[in-house]
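Numbering (numbering that gives the first Met the number 0) for the sequence shown: 0 to 177. For reference, the structure discussed in these notes is given below.
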Amino acid sequence: MFYEVTIEDVIRVPPNMIRKDKKETVYNILRSSYIGIARKDVGIIVTIKDIEEIGEGKIIPEDGGIYYNVRFSAIVFRPELNELVYGIISNIADFGAFSTIGPIDGLIHISQIMDDQVSVSGREAIVGKTTKKVLKLKDIVRARIISISYKDITNIKVALTMKQIGLGKLEWLEEKKK
């Protein structure tokens, strides 16, 4: 799910950027330092929305930079356990499929794709042996988040399932309605 959050931090403006517009400089430093970063307390920072406050600068002896306390708002993606998500199949592997959800890829293990034995057809498709249902690259799916791992904070791992009622490739769900 996407959220707007407020973050407070101290940033360093290097000496070669001191003469430039302070707000623009701080904004550029925040963008380069934060966008794409995953923080367990807030999620994955997608963009910096606004700078709410820039405190008085502090100079530390023997450091040419200026340090500012900054409060800013950001848009973040925070996956939540049991959340329903829509995604696009971005990769197929021997062990399952990856679905892009927001700024990350979640893994749909081969055992969580459908209630059927499946075979992987190269790197292009997963096929149900009995149902003949096909999951391929760029298919749109509805899935549920069943596990989130923050072990490696720069690379959040998300596990998805499509085996529950109302989940799966959107085409399969439309066929069920008929």
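C-beta atoms are modelled at their ideal positions from N, C-alpha and C, and glycine is treated no differently.
Checklist entry - Is there contact here, the region 133-142 with the region 83-102, by at least three beta-carbon pairs under 8 angstroms? => result Yes, since at least three Cβ pairs between the region 133-142 and the region 83-102 fall closer than 8 angstroms, the two stretches touch.
Checklist entry - Can you tell me the Cα-Cα spacing of D104 and K156, whole angstroms? => result Residue mapping note: residue 104 aligns to position 105 of the sequence shown, counting from 1. Residue mapping note: residue 156 aligns to position 157 of the sequence shown, counting from 1. Using only the alpha carbons, I get a separation of about 8 angstroms.
Checklist entry - Does DSSP put V178 in a helix, in a strand, or in coil? => result Outside the displayed span of the chain (0 to 177) sits residue 178, for which this structure offers no information.
Item to check | Buried/exposed call for P13, threshold 16 Cβ in 10 Å | outcome: Position 14 of the sequence shown, counted from the first residue, corresponds to residue 13. Result: exposed.
Checklist entry - Cα separation between I43 and E52? => result As a working note, residue 43 is residue 44 in the sequence shown. As a working note, residue 52 is residue 53 in the sequence shown. Rounded to the nearest angstrom, the gap between the Cα atoms of I43 and E52 is 22 angstroms.
Checklist entry - Along the chain, where does the beta strand (DSSP E) that runs through R11 open and close? => result By one-based count along the sequence shown, residue 11 stands at place 12. Where R11 is concerned, the enclosing beta strand (DSSP E) stretches over F1 to V12.
Next on the checklist: DSSP has V119 in a bridge; who is on the other side?
Outcome noted: Taking the sequence shown and counting its residues from 1, one reaches residue 119 at position 120. According to DSSP, V119 bridges with I125.
Item to check | Spatially closest choice to N90 from K128, F76, Y66 and L134, by CA coordinates | outcome: The sequence position of residue 90 within the sequence shown is 91, counting from 1. The shortest C-alpha separation from N90 is found at L134.
Next on the checklist: Contact defined as beta carbons within less than 8 angstroms: I believe A37 pairs with H108. What is the distance between those atoms, to the nearest angstrom?
Outcome noted: Taking the first residue of the sequence shown as position 1, residue 37 is located at position 38. Taking the first residue of the sequence shown as position 1, residue 108 is located at position 109. About 22 angstroms; that fails the 8 angstroms criterion.
Checklist entry - Beta-carbon separation of M161 and I125 under 7 angstroms? => result On the sequence shown, residue 161 is found 162 positions in, with the first residue counted as 1. On the sequence shown, residue 125 is found 126 positions in, with the first residue counted as 1. For the 7 angstroms CB-CB criterion, M161 and I125 do not form a contact.
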